[in-house]
Amino acid sequence: MTSADQRPQTEDQPGSPPVADIARLADHVGQAVTVRGWVHHLRSSGKIRFLVVRDGTGLVQGVLVKGQLPDGDFQEFDRLTLESSLILEGLVRAEPRAPGGFELTVTRLEPLQIPQDYPIAPKEHGVGFLMDHRHLWLRSPRQQAILRVRDEVFRACRDFFHGQGFVLVDTPILTPTACEGTTSLFETDYLDRGKAYLSQSGQLYLEAAAMALGRVYCFGPTFRAEKSKTRRHLTEFWMVEAEAAFFTLEDIMGLAEGLVSYVVQEVLAHRGQELKILERDISPLEAAVPPFPRISYGEALARLNEGGQEMAWGEDFGGDEETLISQAFDRPVMVHRYPRQCKAFYMEADAANPELALCVDMLAPEGYGEIIGGSQRVADLEVLLTRLAEHRLPREPLEWYLDLRRYGSVPHSGFGLGIERLVAWLCGLKHVREAIPFPRLLDRLYP
RNA sequence: UCCCCGGUAGCUCAGCAGGUAGAGCGGGUGGCUGUUAACCACUUGGUCGGCGGUUCGAGUCCGUCCCGGGGAGCCA
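Counting in numbering that gives the first Met the number 0, the first sequence runs from 0 upward without gaps.
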């Protein structure tokens with residue numbers, strides 16, 4: 000847990016040993032320390048008692064031996080239950096029998112609060128039950144590990160873009176209209192000005208920012224009111240989106256490949272312990288180094304039809320098709336140049352074949368499906384106006400977007416990366432709902 | 001919105017051909033000086049999702065509604 004290295008210390012209590020993070024107990028062998036946290040596990044064997052304590056940095060087993068701490072404190076042990084909050088003082092010992100390698104001989108035990116009937120037991124639970132108790136489920140080692148991987152993904156994304164000269168530009172969450180028009184939006188009242196909608200993408204605003212700063216990205220929540228009920232869907236999810244002036248489709252594919260491979264390598268380098276807790280086979284992650292294979296929609300379609308999965312030209316791929324395509328490769332695959340008819344209005348047509356869009360989807364291996372969608376954007380005002388008409392989108396709310404084509408329009412491209420899908424793949428999760436602290440699903444708004 | 005599966009103790013589940021409610025875990029009590037989801041003994045624990053129907057009798061069969069899970073479409 001490298002992040003513990005720089006954790007600021009809180010004030011020690013007079014008369015008590017210094018407070019130590021469990022992750023740093025190695026630095027305190029032979030010393031008296033104070034540990035503050037929650038009871039993770041309890042065992043009693045007559046005159047010797049064990050409790051495993053969690054403090055957010057790790058787990059440590061405390062040993063209570065009668066005579067080595069006040070009798071009153073020893074008896075307090077019997078009142079403890081799972082998730083009791085407490086303060087322990089003790090002597091740090093190297094102990095080969097202990098999972099972390101260190102143990103605490105407890106010299107003082109002070110319960111802070113003792114729960115009755117903590118709902119989550121150290122046994123198997125159903126998904127529905129755990130989701131109802133998500134606020135408590137987060138305390139489990141597995142969920143902690145996922146959240147730490149997620150944190151690493153966020154950090155790595157920001158590092159990558161910063162290193163590539165991209166500027167973080169925050170796009171609005173409350174928007175006057177749809178970005179793409181096709182998907183359903185969450186609607187809300189906006190004071191006295193009618194309806195507002197929760198953003199389903201920062202892309203259009205990011206295009207404006209790219210015309211100011213060249214290379215930009217945004218990182219925020221995204222909302223889709225679709226009645227999707229699959230392992231790959233949330234109604235509220237996080238997306239990192241990039242947009243760069245003068246980038247072609249080829250440029251943006253290189254950027255997407257660079258981002259994903261960098262994030263994977265950072266997670267492998269810094270979150271190996273968490274991946275181990277998750278029992279993740281890391282060989283598919285280790286393989287995710289450039290170059291990622293690139294195939295066209297036409298090639299992908301041909302592969303599917305040869306494999307017996309009959310599909311007509313012009314249709315978008317579903318989850319099953321994505322899985323079949325990705326199974327042919329050992330790393331993420333980029334499928335480019337889909338038929339324009341199944342893609343969004345803002346995508347530039349391929350000059351070599353105007354029926355195709357200059358777009359790309361990156362499919363994660365192991366059936367995790369699309370993690371990135373990107374494209375080169377329409378740069379010409381007249382073309383864009385035609386597209387809006389074709390898609391029957393209202394022009395007035397997008398006049399500002401059209402301005403970008405009136406005032407110094409340039410070729411530009413961008414993509415969006417779904418964070419939860421990436422985290423789910425990295426962690427080997429069965430469902431994206433575990434990749435976000437408090438998932439919002441079709442039929443779930445609690446807790 | 002559509003298709004499939006499910007709802008029995010706090011949790012995970014079993015319940016035979018329709019005959020009147022079970023286990024493990026958890027909780028409680030006691031025992032044990034090195035336990036690793038400790039172990040042993042005893043004990044606590046139920047509106048069988050709701051409503052209606054068939055039947056002498058329904059957890060079990062039928063209808064319907066509610067809730068949960070999985071999948072499709074759409075998307076990241």
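All C-beta atoms, glycine included, are put in the ideal place defined by N, C-alpha and C. Just so we're clear, the structure is a prediction, and the values are computed from it rather than from any experiment.
Within the region 30 to 77, the complete beta strand (DSSP E) segments of 3 residues or longer fall at 31 to 44, 47 to 53 and 58 to 64, listed in chain order. For Ile-86, no alpha helix (DSSP H) encloses it; the enclosing beta strand (DSSP E) starts and ends at 84 to 93. Counting along the chain, the unbroken alpha helix (DSSP H) around Ser-282 starts and ends at 282 to 285. Contact annotation: Lys-65 and Phe-76 have beta-carbon atoms that are not nearer than 7 angstroms.
Taken through DSSP and simplified to helix, strand or coil, Asp-116 comes out as coil.
In terms of CA proximity to Met-238, Leu-421 leads the group Leu-421, His-411 and Leu-254.
Listed as beta-bridge partners of His-335 by DSSP are Ser-295 and Val-359.
Within 10 angstroms of the beta-carbon of Ala-311 lie fewer than 16 other beta-carbons, which makes it exposed. At a Cβ-Cβ threshold of 7 angstroms, Leu-233 and Pro-438 count as neighbours. According to the DSSP assignment, Val-215 belongs to the beta strand (DSSP E) that extends over 214 to 222. Judged by DSSP secondary structure, Asp-188 falls within the beta strand (DSSP E) whose first and last residues are 186 to 188. Here the C-alpha atom of Val-288 lies approximately 8 angstroms from the C-alpha atom of Gln-264. Listed in chain order, the non-local C-beta contacts of Ala-195 below 8 angstroms within the same chain comprise Leu-173, Thr-174, Pro-175, Glu-186, Thr-187, Asp-188 and Tyr-189, local neighbours out to five positions each way being set aside. Asp-280 and Leu-129 have their C-alpha atoms roughly 25 angstroms apart.
For Thr-247, the closest C-alpha among the options Phe-414, Cys-426, Val-18 and Phe-49 is that of Phe-414. A direct Cα-to-Cα measurement between Pro-331 and Leu-425 gives close to 12 angstroms. Cβ neighbours of Arg-149 within its own chain (closer than 7 angstroms, five residues either side excluded): Val-422 and Ala-434. The beta carbon of Tyr-337 sits closer than 6 angstroms to those of Tyr-296, Ala-356 and Cys-358, all from its chain and outside the five residues before and after it, given in chain order. Between Val-152 and Val-262, the CB-CB gap stays under 7 angstroms. Residue pairing from DSSP places Asp-349 in a beta bridge opposite Asn-352. Put simply, the backbone Cα of Ala-388 is about 11 angstroms away from that of Glu-381. A distance of 7 angstroms or more separates the beta carbons of Val-18 and Asp-26.
Only buried fits Phe-236, as 16 or more other CB atoms lie within 10 angstroms of its CB. In the three-state reduction of the DSSP assignment, Arg-138 falls in the coil class, being assigned neither a helical nor a strand state. Counting the other Cβ atoms within 10 Å of the Cβ of Val-28 gives fewer than 16, which makes it exposed. Judged by their CB atoms, Leu-205 and Glu-240 are nearer to each other than the 7 angstroms cut-off. For Lys-226, no beta strand (DSSP E) run applies, since DSSP gives it neither H nor E. Setting aside the 5 residues that flank it on each side, Thr-106 is surrounded in the same chain by Ala-31, Gln-67, Leu-68, Glu-88, Gly-89 and Leu-90, each with a C-beta closer than 8 angstroms to its C-beta; the list follows chain order. Membership of Trp-237 in the beta strand (DSSP E) is indicated by the continuous run 235 to 244. According to DSSP, residue pairing for Thr-174 in a beta bridge involves Tyr-196. Distance from the Cα of Ile-371 is smallest, within the candidate group Val-52, Asp-379, Glu-305 and Leu-362, for Leu-362.
If you ignore the 5 residues before and after Arg-339, its C-beta comes within less than 8 angstroms of the C-beta of Met-346, Ala-348, Pro-353, Glu-354, Leu-355 and Ala-356, all in its own chain and listed in chain order. Taken atom to atom, the span from the alpha-carbon of Gly-213 to that of Asp-360 is near 23 angstroms. If one requires a minimum length of 4 residues, the alpha helix (DSSP H) runs lying completely within the region 386 to 435 are 398 to 405 and 418 to 426, in chain order. Looking at the backbone, the Cα of Val-59 and that of Thr-104 are separated by about 11 angstroms. Annotated three-state conformation of Glu-123 is coil, per DSSP.
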